[in-house]
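Contents: one structure, followed by commentary.
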Amino acid sequence: MRRENSTLALMCLTVLTLQSLVAGINLAIPELAASDLHADASDLVWIVDAYVLAFAGLLIPAGALGDRLGRKGVLLAGLAVFGAANLISALAPNVAVLEAGRALGGVAAALAQPATLALLLHTTRPERRPHAIGLWTACMGFGGMVGNLVAGAVLQYFDWPALFLTFVPVAGLLVAGVAAYVPRAPRHDASTDPTGTALLVGGLFALLYGIIEGPEKGWADTVVLASFATGLLVLAAFAGHALRSRKPLLDPRIFKISTVRAGALGVAATFFALFGLFYVNAQFLQDVKGYSTLLTGVAIGPLAIGMGVVSRRAVPLAQRYGARPIIAAGLSVIVVGLALLSTVDGGTPYPVYAVYLLLVAVGMGLCAPALTGGILAGLPAGSAGLGSGLNSAAREVGAALGVAVIGTVLTSHHALRSEDDFLAGVAVGYRGLAGVLAVATVAVVAMWPAPARAAKRVAA
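For what it's worth, this note's numbering labels the leading residue of the sequence shown as 8, then goes sequentially.
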């Protein structure tokens, strides 16, 4: 029991740390722009997104690698490289080195994150697994909020390198804790499939490159369109290869399983909305409300509180009523929260704004554990690392797309630096997020199996 609880705590802290750096870096952009690095707008985009590109693109093969080589060893390697990457970033003398450090950090995060959920499931008794998945999923969402809070506190008093240095001792402590308290899990004969890995990673990289460059270059830019076309063609080639392979890295036929298909779509859609919210929230609170970076980080607290409280109740509710109605309710509440956020302006009192954030948090807390549970329950035994990688990849692609789309909307409305124009962009952006999520809600609920069967899968 003690080892089980230690593993749960360490895996949740690890995923919280890895996710914190995805969101926290956004608060450092003004300092990076004014620093001796002399970073231009394109440089700043890649300082932020080099981490995301490597992270999202490598999650699925990294999950399979952990299944094959040993999840604890891959996790320890990922955490050690994560610490080294942040040290490189903190000491970077120029933009190129900083971007390389960020990319290396993304590789490290991709190695570590799938192993966390796989080790958690191996260590936890079957009757406690739904509870453990709920906590792990909540920490996926908490990461963005904690990242904002930590970045706000650090940058209030120190220069940007301190943000990266903060994560170096944290990585060291996690390595020590995992080495001492987390048991090794059995290895599985998971496929590494070099050809499939190259095609999958290449296709995801091309798609993500287009998503990242779209707001900067324009969505009709030749390079952006070529990136999307290349990504889709390469992913189609991956699917063809996987269908012919005896041991594919990721068998496309798993998407015939309704909970896997619906779960991946739901995870991508919810984090599309959540990270779009993070992007708008920071600019709204600082540019319109005049909050400091520290206060901006604190002001997003209702999201963390709401997700933390509700996610603990979501699993028992799904077991009692079935996952489908809980997912439908959660996604619908997020849509309502986003629609209400589209009405805010400079005169909106913070308590009202906090209630709108809390609605989004309640919705996330309700649906996220069941969506993740649906993906994992649909995969064969021994594929927990791959399932975790698929879940995380859906999350990262959705998050990157959410930031890119809402970033484009805000840039187009904020070009004249007028507060009214910016608020118009906020309204359009939030309504867009709500609209996309509403469509995804209908699709996810339609694909999810009947309540009794869904509840049985989540409890498995």
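For each residue, glycine too, the CB sits at the ideal point set by N, CA and C. Here the structure is a predicted model, which means the values were calculated and not measured.
Assuming residue i contacts residue j (C-beta within less than 8 Å), just tell me the rounded distance between them.
i, j, result
"residue 309", "residue 368", "6 Å"
"residue 67", "residue 207", "6 Å"
"residue 402", "residue 275", "7 Å"
"residue 304", "residue 365", "Not really, about 17 Å apart at Cβ, beyond 8 Å."
"residue 126", "residue 14", "6 Å"
"residue 70", "residue 396", "3 Å"
"residue 114", "residue 61", "5 Å"
"residue 182", "residue 87", "6 Å"
"residue 370", "residue 341", "3 Å"
"residue 407", "residue 59", "5 Å"
"residue 204", "residue 256", "6 Å"
"residue 235", "residue 409", "In fact, because the Cβ distance is near 17 Å, the residues do not count as touching under 8 Å."
"residue 296", "residue 353", "7 Å"
"residue 221", "residue 231", "5 Å"
Between the Cα of residue i and the Cα atoms of the options, which residue gives the shortest distance?
i, options, result
"residue 118", "351, 427, 188 and 75", "75"
"residue 337", "60, 277 and 437", "277"
"residue 261", "159, 382 and 326", "382"
"residue 294", "112, 417, 18 and 442", "417"
"residue 79", "121, 65, 111 and 248", "121"
"residue 129", "11, 252, 425 and 414", "11"
"residue 83", "51, 111, 53 and 116", "116"
"residue 270", "224, 244 and 453", "453"
"residue 432", "384, 359, 446 and 351", "351"
"residue 63", "89, 110 and 18", "110"
"residue 435", "284, 266 and 248", "284"
"residue 179", "170, 93 and 442", "93"
"residue 330", "290, 233, 357 and 455", "455"
With a threshold of 16 other CB atoms inside 10 Å of the CB of residue i, please say whether the residue is buried or exposed.
i, result
"residue 47", "exposed"
"residue 263", "exposed"
"residue 56", "buried"
"residue 288", "buried"
"residue 98", "exposed"
"residue 427", "exposed"
"residue 449", "exposed"
"residue 254", "exposed"
"residue 176", "exposed"
"residue 268", "buried"
"residue 164", "exposed"
"residue 327", "exposed"
"residue 101", "exposed"
"residue 379", "buried"
"residue 400", "buried"
"residue 321", "buried"
"residue 318", "buried"
"residue 27", "buried"
"residue 96", "buried"
"residue 16", "exposed"
"residue 9", "exposed"
"residue 241", "buried"
"residue 457", "exposed"
"residue 451", "buried"
"residue 227", "exposed"
Item to check | Cβ contact (3+ pairs, closer than 8 Å) linking the segment 210-217 and the segment 134-145 | outcome: no
Checklist entry - Is the segment 186-193 in contact with the segment 104-112, if contact means three or more CB pairs nearer than 8 Å? => result no
Next on the checklist: Contact between the segment 361-377 and the segment 139-158 is defined here as three or more beta-carbon pairs at a separation below 8 Å; is this criterion met?
Outcome noted: yes
Checklist entry - Are three or more beta carbon pairs between the segment 151-161 and the segment 27-36 nearer than 8 Å? => result yes
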